[in-house]
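Trainee: Below you will find the structure I want to go over with you.
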Amino acid sequence: MPQKIGNYRWRIVVFLFFATTINYIDRQVIGIIAPDLQKIFGWSESDYGFIIMGFQVAYAIGLLVTGGLIDKIGVKVGYSFAIVLWSIAGIFHAFARSVGIFALMRFILGTGQSANFPAAVKTIAEWFPKRERAFATGIFNSGSNFGAIIAPLIIPFITIKLGWQWAFIITGALGFIWLLFWILFYKRPEKNVRLSNGEREYIMQDGVESTSKVAWIKIIPFRQTLGICIARFVTDPIWWFFLFWLPKFLNSRFDINLTNIGLPLILIYLFSIIGSISGGWFSSLFIKKGMKPVSARKLTILAMAILVIPVIFASVTHSQWIAISLIAMATFAHQGYAANIFTIVSDIYPKKAVGSVIGLSGFAGALGGFLFSGAVGIILDITGNYYIIFTIASLAYIICWLSLKLLVPDNKTIAID
């Protein structure tokens, strides 16, 4: 009788899911209450863009550093430090009054939150064989969408009942609850006594790789690194736009405010959760059917890129529900794409370099988001509408797929000394 494998590794995914959920709740608070804060403090569109840029420049710099740092100190210590930093920063938004102080708090928040995805993807690479990584990544990555759904349920209620300051304080405190369980229960698979021998062998089936650390400078010369960085440079800004500007778009275009923003955002991000899990599931299915892992990821990404194209019409339709449906389809596709772009890294790079590659490509994505946020504010101040912005969003994922098609070979993995 074959030995039962066990499923303890999926409990680790639950930790990553909730960390990512909290991460997105904390970062989304400002987006949901932005229309009200803009009225309270008299912000222009460019002022709001500057505040968002504070988060993204820190996120970009942080990803450049935290990926390699996670590779060196490990996910347990790295995750713990990161969530403490971003939780404190989230709470201190409540005491900001000027554009500059809000931008500073966003900067500190972005610094801490930049460690979440490098740490989570590194954990997946350590705890799962290649055939399961896309699905596991899709599950934890759906925490971003779950957080985006929870946020419009609780943040308007807290803001209306207690004031906007408490929206930051209460959500910022969530990270400390997660931290307690993480410290008590997390250990690496080779040291975890709760893990069966059968499951440990299953996790390690792709072979034992060196645990020596890789400087990020060593990964830059590879064209695969360039391809992944270009892909994230053009697509990450679109997700940032949906996260930070969508409540403002719905408010300005359809007069949706704090009292009725919940349902549209819940529907949009519910579709993104389905997309995250579906993207990983489809590429895993293609692999089981005989496709090579990278080929399966790229085919799934192409399908998702095609689904985003109709979002160009979201800013011109007169029906709020048509606009919401188009945006929901785009967020579905983005998260289906994201599950695969993260997993391509663990498919072609050795485990010791995964955190560094995720960090470097995340830097490219956050840099794109930084530039795009500034551009969005300027475009809105000049034109007063979102058409140009949604046009860019509709084309970004095709550019992403072309980058991967040209620069990331299907059959080549990378060896780093």
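Counting in the working numbering, the final residue of the sequence shown is number 418, and the numbers go up one at a time with none missing. Virtual Cβ for every residue (Gly too), placed ideally from N, Cα, C.
(1) At which residues does the alpha helix (DSSP H) containing leucine 64 begin and terminate?
(2) Should lysine 299 be labelled buried (16 or more other beta-carbon atoms within 10 Å of its own) or exposed?
(3) Would you decide whether tryptophan 11 is buried or exposed? Buried here means 16 or more other CB atoms lie within 10 Å of its CB.
(4) Taking only the alpha-carbon atoms, compute the straight-line gap between tyrosine 1 and leucine 163 and give it to the nearest angstrom.
(5) Kindly confirm or deny that the stretch 88 to 108 and the stretch 349 to 363 touch, where touching means at least three C-beta pairs closer than 8 angstroms.
(6) By the DSSP assignment, the alpha helix (DSSP H) with arginine 206 in it spans what residues?
(7) Starting from tyrosine 270, trace the alpha helix (DSSP H) in both directions and tell me its first and last residue.
(8) In chain order, what residues of the same chain lie with their CB nearer than 8 angstroms to the CB of isoleucine 150, ignoring the 5 residues before and after it?
(9) Taking one C-beta from the stretch 79 to 92 and one from the stretch 371 to 385 each time, how about it: are there three or more such pairs within less than 8 angstroms?
(10) Which of the three DSSP states, helix, strand or coil, is assigned to arginine 12?
(11) Compute the distance between the beta-carbons of phenylalanine 234 and leucine 368, then report whether it is under 8 angstroms.
(12) Can you give me the C-alpha to C-alpha distance between alanine 95 and phenylalanine 255, rounded to a whole angstrom?
(13) Please report the straight-line C-alpha distance between glycine 385 and lysine 123, rounded to a whole angstrom.
(14) Would you mind stating whether glycine 111 and glycine 378 have Cβ atoms separated by less than 8 angstroms?
(15) With a cut-off of 8 angstroms, do at least 3 Cβ pairs link the stretch 332 to 343 to the stretch 288 to 307?
(16) Could you tell me the distance, in whole angstroms, from the CA atom of threonine 260 to the CA atom of isoleucine 159?
(17) Would you kindly report the start and end of the unbroken alpha helix (DSSP H) that includes serine 374?
(18) Whole angstroms are fine: how far does the CA of lysine 249 sit from the CA of glycine 1?
(19) Can you give, in chain order, each stretch of the alpha helix (DSSP H) that sits fully within the stretch 156 to 207 and has at least 4 residues?
(20) Starting from the Cα of arginine 189, find the closest Cα among Ile125, Ser145 and Trp44 and give me that residue.
(21) What residue does the alpha helix (DSSP H) around isoleucine 307 start on, and which one ends it?
(22) Start and end of the alpha helix (DSSP H) containing leucine 227?
(23) With distance defined between alpha-carbon atoms, name the residue in Gly32, Ile204 and Gly101 nearest to valine 134.
(24) What is the residue span of the alpha helix (DSSP H) that isoleucine 389 lies within?
(25) Which same chain residues end up closer than 7 angstroms to cysteine 230 when comparing Cβ atoms and leaving out the 5 residues on each side of it in sequence?
(26) Using the Cα positions of alanine 90 and asparagine 412, report the straight-line distance between them to the nearest angstrom.
(27) I'd like the span of the alpha helix (DSSP H) that includes arginine 107, first residue to last.
(28) Which of the three DSSP states is assigned to threonine 414 in this structure?
(29) Please determine, among Gly32, Ile41, Phe18 and Gln225, the residue with the shortest C-alpha to C-alpha distance to threonine 414.
(30) Along the chain, where does the alpha helix (DSSP H) containing leucine 259 start, and where does it finish?
(31) By alpha-carbon positions, which one of Ile218, Asn146, Trp128 and Ile257 ends up nearest to glutamate 202?
(32) Less than 8 angstroms between the C-beta atoms of alanine 34 and alanine 216, yes or no?
(33) Considering Cα atoms alone, identify which of Lys293, Ile62, Leu327 and Ala174 is closest to threonine 344.
(34) Following the continuous alpha helix (DSSP H) through serine 320, name the residue where it begins and the one where it ends.
(35) Quick one: residues in its chain with C-beta nearer than 6 angstroms to the C-beta of valine 358, no 5 flanking neighbours on either side, listed in chain order?
(36) How many Å lie between threonine 212 and phenylalanine 391 at the Cα?
Mentor: Based on what the coordinates show:
(1) Taking the sequence shown and counting its residues from 1, one reaches residue 64 at position 63. From DSSP, the alpha helix (DSSP H) with leucine 64 extends over 46 to 74.
(2) The residue given as residue 299 occupies position 298 in the sequence shown. Buried, because 16 or more other Cβ atoms sit within 10 Å of the Cβ of lysine 299.
(3) Stepping through the sequence shown from its first residue, residue 11 is reached at position 10. Classification for tryptophan 11: exposed.
(4) The structure shown does not extend to residue 1, since the chain spans only 2 to 418, so no value can be given for it.
(5) no
(6) On the sequence shown, residue 206 is found 205 positions in, with the first residue counted as 1. At residue 206 the sequence reads glutamine, which differs from the arginine that was named. Counting along the chain, glutamine 206 falls outside any alpha helix (DSSP H), and DSSP gives it neither H nor E.
(7) Counting from 1 along the sequence shown, the entry for residue 270 is found at position 269. From DSSP, the alpha helix (DSSP H) with tyrosine 270 extends over 263 to 289.
(8) Along the sequence shown, read from residue 1 onward, the residue named residue 150 stands at position 149. Leu266, Ile267, Tyr270, Leu271 and Ile274.
(9) no
(10) Here residue 12 refers to the residue found at position 11 when the sequence shown is read from its first residue. DSSP places arginine 12 in helix when its eight states are reduced to three.
(11) Taking the first residue of the sequence shown as 1, we reach residue 234 at position 233. Taking the first residue of the sequence shown as 1, we reach residue 368 at position 367. Result yes, Cβ atoms of phenylalanine 234 and leucine 368 sit closer than 8 angstroms.
(12) Indexing the sequence shown from 1 puts residue 95 at position 94. Indexing the sequence shown from 1 puts residue 255 at position 254. When rounded, the distance between both Cα atoms is 28 angstroms.
(13) By 1-based counting over the sequence shown, the position of residue 385 is 384. By 1-based counting over the sequence shown, the position of residue 123 is 122. Approximately 42 angstroms, taken between the alpha carbons.
(14) Stepping through the sequence shown from its first residue, residue 111 is reached at position 110. Stepping through the sequence shown from its first residue, residue 378 is reached at position 377. Cβ distance not < 8 angstroms, so glycine 111 and glycine 378 don't count as in contact.
(15) Touching, yes, given that three or more Cβ pairs across the two stretches are closer than 8 angstroms.
(16) What you label residue 260 is simply residue 259 of the sequence shown in a count that begins at 1. What you label residue 159 is simply residue 158 of the sequence shown in a count that begins at 1. Their Cα atoms are separated by approximately 11 angstroms.
(17) Indexing the sequence shown from 1 puts residue 374 at position 373. Taken as a continuous stretch (DSSP letters only), the alpha helix (DSSP H) holding serine 374 covers 352 to 384.
(18) This structure does not reach residue 1, given that the chain is present from 2 up to 418, and the question cannot be answered.
(19) 165 to 173, 175 to 186 and 198 to 204
(20) Taking the first residue of the sequence shown as 1, we reach residue 189 at position 188. Of the candidates Ile125, Ser145 and Trp44, the one whose C-alpha sits nearest the C-alpha of arginine 189 is Ile125.
(21) Mapped onto the sequence shown, residue 307 falls at position 306. From DSSP, the alpha helix (DSSP H) with isoleucine 307 extends over 294 to 309.
(22) Working through the sequence shown from its first residue, we reach residue 227 at position 226. Unbroken alpha helix (DSSP H) run through leucine 227: 224 to 255.
(23) Locating residue 134 in the sequence shown gives position 133, counting from the first residue. Inspection of the sequence shows that residue 134 is occupied by arginine rather than by valine. For arginine 134, the nearest C-alpha among the options comes from Ile204.
(24) Working through the sequence shown from its first residue, we reach residue 389 at position 388. From DSSP, the alpha helix (DSSP H) with isoleucine 389 extends over 388 to 408.
(25) Working through the sequence shown from its first residue, we reach residue 230 at position 229. Closer than 7 angstroms at Cβ, skipping near neighbours: Leu361, Ser362 and Ala365.
(26) If you number the sequence shown from 1, residue 90 lands on position 89. If you number the sequence shown from 1, residue 412 lands on position 411. Each residue's Cα considered, the two are about 43 angstroms apart.
(27) Taking the first residue of the sequence shown as 1, we reach residue 107 at position 106. Where arginine 107 is concerned, the enclosing alpha helix (DSSP H) stretches over 100 to 114.
(28) Residue 414 sits at position 413 when you count from the first residue of the sequence shown. Coil, per DSSP.
(29) Taking the first residue of the sequence shown as 1, we reach residue 414 at position 413. With distances taken between Cα atoms, threonine 414 lies closest to Gln225.
(30) Here residue 259 refers to the residue found at position 258 of the sequence shown. Taken as a continuous stretch (DSSP letters only), leucine 259 belongs to no alpha helix (DSSP H), as it is neither H nor E.
(31) Taking the sequence shown and counting its residues from 1, one reaches residue 202 at position 201. It is Trp128.
(32) The residue given as residue 34 occupies position 33 in the sequence shown. The residue given as residue 216 occupies position 215 in the sequence shown. The question names alanine, but residue 34 in the sequence shown is isoleucine. Contact flag unset, no.
(33) Along the sequence shown, one-based indexing puts residue 344 at 343. The option with the nearest alpha carbon to threonine 344 is Lys293.
(34) The residue given as residue 320 occupies position 319 in the sequence shown. Run containing serine 320: none; DSSP gives neither H nor E here.
(35) As a working mapping, residue 358 is identified with position 357 in the sequence shown. For valine 358, where only same-chain residues beyond five positions count, the Cβ hits under 6 angstroms are Ile220, Val346 and Tyr350.
(36) As a first step, residue 212 must be located in the sequence shown, where it is residue number 211. As a first step, residue 391 must be located in the sequence shown, where it is residue number 390. Its pLDDT being 49, under 50, threonine 212 is placed unreliably by the model, and nothing is read from it.
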